[in-house]
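Chains D and G are the protein sequences, given in the same order.
Mapping to UniProt numbering: the first sequence position 124 is 124, numbers consecutive.
Mapping to UniProt numbering: the second sequence position 42 is 42, numbers consecutive.
Number of protein chains: 2
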Amino acid sequence: MTEMAGRPGTSGGLVLRAGQFIFAAACICAMSSAPGFTNYTAFCYLIASMGLQALWSLGLACLDCYALILKRDLQQAFFMSLFVVGDWVTAILSFAAACSAGGVVVLFERDAYFCRRDPQLPCGRFEVATAFAFLSCACSAASALVVFWLLASL
Amino acid sequence: MTEMAGRPGTSGGLVLRAGQFIFAAACICAMSSAPGFTNYTAFCYLIASMGLQALWSLGLACLDCYALILKRDLQQAFFMSLFVVGDWVTAILSFAAACSAGGVVVLFERDAYFCRRDPQLPCGRFEVATAFAFLSCACSAASALVVFWLLASL
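Have a look at this one:
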């Protein structure tokens, strides 16, 4: 069980962290380039939670690089507990933010027809940012499940 | 680890299942009593996912009762794998539905002031239904974590 792909301190783990960081950063860029996003709480919350996700993933990616270069083992109970707490908190916050932004985007697009009525509303950018947030969540969920499984089997 | 509170086939597990079912049913009642909820995709999705949650929790609660009355042990790899898949799918769907409904409720209440502008909109019921959905999710997340932990430590 301790040879799982994507565990911390391996190249698989580094790829997952890089994915989380890149998608979170892309989400922030797409959303912050959409004028007027600050009028909507769900989109502000998305930016905040993706910012936290990007910081956490960048930190863990650096730790993975350190472990890979110096061939250190990160699979100790202390590190695993820290990764589990951090990964689960960031994954849950990101998923909540992505879903609430998704709910608002669907409302704009399909339920209230805001996008058709107001062509100034940057619906395309809201959609792209929400899609990137879900991709970041998917990478984050994979990391969270791997570390939880590793902690449980320690 | 196999003596964890809330594991399937124990009274703790039954309490968690009962909580999931009661809150999911309360969410469905509150939302379906709100006129016009079918105009909003997020609220329709909330009803659908809470319906699935209620059915799954009721089934598992019956299985817990059976195990408690006949003193059967449900901690076998087959049952655990089944519980993990079902619990995680329902927990993730419910959480996504609760968050997207939450995003729409916040938009109605704070961002677009729909609730003030249109007193016919049953915002109070939307809020109550969303709160019940989050309570059901909390119980569901507890069950999902317990069974995942148990499967990992089998």
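Ideal placement from N, C-alpha and C gives every residue a C-beta, glycine not left out.
Bear in mind that the values here come from a model prediction, so they are computed numbers and not experimental data.
Listed in chain order, the alpha helix (DSSP H) runs fully inside the stretch 2–83 of chain G are 11–32, 41–69, counting runs of at least 4 residues. Interface with chain G (8 Å Cβ-Cβ cutoff): D/Ser100 is included. For D/Asp118, the secondary structure class from DSSP, reduced to helix, strand or coil, is coil.
For G/Ser136, there are no neighbours in chain D by C-beta distance under 8 Å, as the nearest C-beta there is about 15 Å away. For D/Val106, the chain G residues whose Cβ falls inside 8 Å of its Cβ are Thr41, Ala42, Ser100, in order along the chain. Between the stretch 26–33 of chain D and the stretch 41–50 of chain D there are three or more C-beta pairs closer than 8 Å, enough to call the two in contact. Of the other Cβ atoms in all chains shown, fewer than 16 fall within 10 Å of the Cβ of G/Gln76; this residue is therefore exposed.
Only buried fits D/Thr90, as 16 or more other CB atoms lie within 10 angstroms of its CB.
Sorting G/Phe126, G/Leu135, G/Ala54, G/Ser11 by C-alpha distance to the C-alpha of G/Thr38 places G/Phe126 at the top. The Cβ-Cβ distance between G/Leu121 and G/Leu68 does not fall below 8 Å. By the 16-neighbour rule on beta-carbons within 10 angstroms, D/Tyr113 is exposed.
Annotation for G/Arg125: the continuous alpha helix (DSSP H) segment containing it runs 123–153. With contacts defined as CB atoms closer than 8 Å, D/Leu93 and G/Leu107 fail to qualify as a contacting pair.
In the three-state scheme derived from DSSP, where H, G and I count as helix and E and B as strand, D/Ala91 is classed as helix.
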